[in-house]
Structure formats: C-alpha cells, structure tokens
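Worksheet for the structure shown next.
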Ligand code: NDP
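Numbering (my numbering), first residue to last: 149 to 475.
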C-alpha cells in the first residue's frame, strides 16, 4: 500500500482526499518512480474542477514530478532502478508517493538539477520552450507581451526572454509581483489593477504595439490582448486561469488588424521522444548554466497531504513562481 491524493467528483479544492491505494507493478513499458517533489500546475485545477473532465472516478491527479526509479517494466530499456528522473504529461496520479509512468515521458535528471528544481520547472519550462521558440520565435530586442509574468510559467518566461535578448512586458496583479518579474528579467511590467494594459503597451512601444501576445489568463484578458497587438499580430491563447474564451466573433480579428490567434498546448508540441529530448535539453542547459533559476519559496512547498490547501492557495492568486507538493 502507498498514499496518494484522489478525488471522487469534480469540484473545489475540498474534493481532494488523502487515501491509501494499492500500488501495482509497472506495466512492461512503464517505470515506477518514488516521487521526491511533485509539480503543481494550474491545469491540475481545471482537471479537479471539471473544466477538463476525467473519464473515471476515483481519479488520481497531477502529471509532473521528479524522483528515483524503483522498478522498471520488462521491456523498459532506457532506465534502471536508482536513476534520478523527471516526468510530465504522465497519466493523472502524480500527486502520490509512487507513480507508474510510461518510459517515453521520462528524462534522466542532470546532477546539477535538484528534484525540487526539476518538478517546479519541467512542464512549465517545456511550455515556455514551445511558446517562445516554436509557436512564435521571439527575436533579440523584440518587445512582446506575456500575461501572469510572476506565475510559475511566467517567471520562467521572463528569464528565458532575457536569455534570448528579448524584451518581455509582463502583466502582474501586484507591486510585489512586478518587482519579482523585473528581477527575473522582464523588461517592463504592467500592474493591470492600476494601469490600462493596452495603453501601456502602446506607450512602451512608441505606439507600435507588439507582434505577439502570450495569454494564459483567458476570458478576462481576451480584449486587452487583441488591443495590444499590431496589424497582423499573433495572439497565443494558452490557458484559462480566469475561465475559457468562448463564443468568439471571428470578425473581431479583421476589425483589429487582420490578426491571428492560436490555441496551443504542450501535447501539440511534444508528440514523440525526439521532441521531448530536444526541448528538455534546451531547458536543462539553461537551468544548469544558471540562466534560468528555479527557487520555490518555503510557503509554496506543501506536504503532499495538503494538496487541497495548495490548490486553494494557487487559485487565490497569491503565489509567485512555482509551487510544489513534497511527499
Ligand atoms: P500561475 O502560477 O501562472 O497562476 C496563475 C496566475 O494567473 C495567477 O497567479 C494570477 O497572477 C493570474 N491570473 C489572472 N487572472 C486570474 C484569475 N481570474 N484567476 C486566477 N489567476 C489569475 O499558474 P501556472 O504557471 O501553473 O500556469 C499558468 C497558465 O499557463 C495557466 O493558465 C495554465 O493553464 C497555462 N498553461 C498552459 C499550457 C499549455 O500548453 N497550453 C501548459 C502549462 C500551463 P496575477 O495575480 O499576477 O494576475
């Protein structure tokens, strides 16, 4: 027997329960990992709430963690017991002491990267990799807008943009978050509670506005994001922290300057082993070199059995950077 978080119905953080479960042996292409640090992602709240519904109850939760290989299935070739590994995009159930994960979702962890750093940055860092390097290739000196810049994905984006020599304008919900984003490498910040975002983007770009906006807030920022784009600009809408964007009148893209919109996900960019290895290598080298620093504040490291409290905290918008569950 082992312990994990599971839920029996969609709902608020209170549906998350701390339970015993029967740990099965890994299937032939799976690896059993003893999790040492587990990544909390905003997407986990969508799965819990039912915005992204699960097909069966009871369900585990979470797709990302770092830990040590305990045992491997009969056809696993890349990993052996004792290896330090990190994974994301696994089947739901990473909020657990142990998790059986498909071999092709795992990467060996370089020695310079700790379990906590890895679990706090793998899914989020791979996301930033595809956003800034693939969906739209941000160029040196280019100015662009990134919402929720002091969040988990956001703080990595600030650092990655700086490493690319690009100028990230980050939106944030408080003065403290503005400071943090600036320290991480944001070129400018906009506190949307006090300033008009689209107007400030115009001011910061001498009226030109930006060619790309990265928007994970969704419903609340749709208009502001379109208004921050120059003619033929691209809105990358990659999340729903304020609720999903629905019911779009496509004509708005014409009116605002023949704009483009895309709604990408990590699953659309990492579809095979080669794509995972290429993107991970880029991320790991930036972390190992110190260009991207991953520091999780102590108050955002929750005991695994406190997943419910961790979700409440994340959804109340008070967190900065990544949060972790520690078994
Ligand atoms: P964050 O740490 O960024 O937390 C969300 C942040 O969004 C909050 O801290 C808050 O920052 C901001 N926010 C703005 N409006 C709201 C609102 N109404 N309710 C809650 N938060 C709000 O989370 P993550 O780093 O885990 O994820 C960031 C986003 O990226 C999520 O939307 C997630 O779904 C998305 N994502 C998408 C992926 C993809 O491939 N499509 C992959 C990974 C993540 P502030 O107070 O500063 O406004």
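No residue lacks a Cβ here, since even glycine has one placed at the ideal position from N, Cα and C.
This structure is a prediction, so every number in the text was calculated from the model and none was measured.
- Item | For residue 154, three-class secondary structure by DSSP | strand
- Task: List the endpoints of the continuous beta strand (DSSP E) containing residue 227.
- Result: Looking at the DSSP string, residue 227 is not in any beta strand (DSSP E), and its letter there is neither H nor E.
- Query: DSSP three-state call for residue 410: helix, strand or coil?
  - Reply: strand
- For residue 474, the residue or residues it bridges with in DSSP: 451
- Cβ neighbour criterion (16 or more within 10 Å) applied to residue 487: Residue 487 lies beyond the stretch modelled for the chain, which goes from 149 to 475, so this question has no answer here.
- Query: Among residues of its own chain, excluding the 5 on either side of residue 408, which ones have a beta-carbon nearer than 8 Å to its beta-carbon?
  - Reply: 380, 381, 382, 383 and 401
- Query: DSSP puts residue 182 in a beta bridge; with which residues?
  - Reply: 216 and 246
- Message: So within the segment 325 to 355, which uninterrupted beta strand (DSSP E) runs reach at least 3 residues, ignoring any that extend past its ends?
- Response: 336 to 339
- Item | CA-to-CA distance, residue 197 to residue 460, given in whole angstroms | 12 Å
- Query: Contact check, residue 388 vs residue 199 under 8 Å by CB: the rounded distance?
  - Reply: 7 Å
- Query: Going by the CB atoms, is the gap between residue 427 and residue 258 shorter than 7 Å?
  - Reply: no
- Query: Exposed or buried, what is residue 265 when buried is set at 16 or more other beta-carbons lying within 10 Å of its beta-carbon?
  - Reply: buried
- DSSP three-state assignment for residue 385, whether helix, strand or coil: strand
- Task: Enumerate in chain order the residues of its own chain whose CB-to-CB distance from residue 215 is below 6 Å, with the five nearest sequence positions on each side excluded.
- Result: 181, 182, 183 and 184
- Item | Cutoff 8 Å; reference residue 282; Cβ partners in own chain excluding five residues on either side | 417
- If you pair each beta-carbon of the segment 267 to 280 with each one of the segment 295 to 313, do three or more pairs fall below 8 Å? yes
- Query: The beta strand (DSSP E) spanning residue 362 covers which residue range?
  - Reply: 358 to 363
- Task: Please find out if some non-hydrogen atom of ligand 1 comes closer than 6 Å to the beta-carbon of residue 386.
- Result: yes
- Query: For the segment 284 to 295 against the segment 245 to 256, are there 3 or more C-beta pairs whose distance is under 8 Å?
  - Reply: no
- Classify residue 302 as helix, strand or coil using the three-state DSSP reduction. helix
- Can you tell me where the beta strand (DSSP E) with residue 169 in it begins and where it stops? 165 to 169
- Query: CB of residue 299 to nearest heavy atom of ligand 1: below 6 Å?
  - Reply: yes
- Message: Is residue 419 a contact residue of ligand 1, with contact defined as CB to any heavy atom under 6 Å?
- Response: no
- Query: Under the criterion of a Cβ to heavy atom distance below 6 Å, does residue 321 qualify as lining ligand 1?
  - Reply: yes
- When DSSP labels each residue in this structure, what does residue 421 get in the three-state scheme? helix
- Task: Can you tell me which of 397, 195, 169 and 346 puts its alpha carbon nearest to the alpha carbon of residue 159?
- Result: 195
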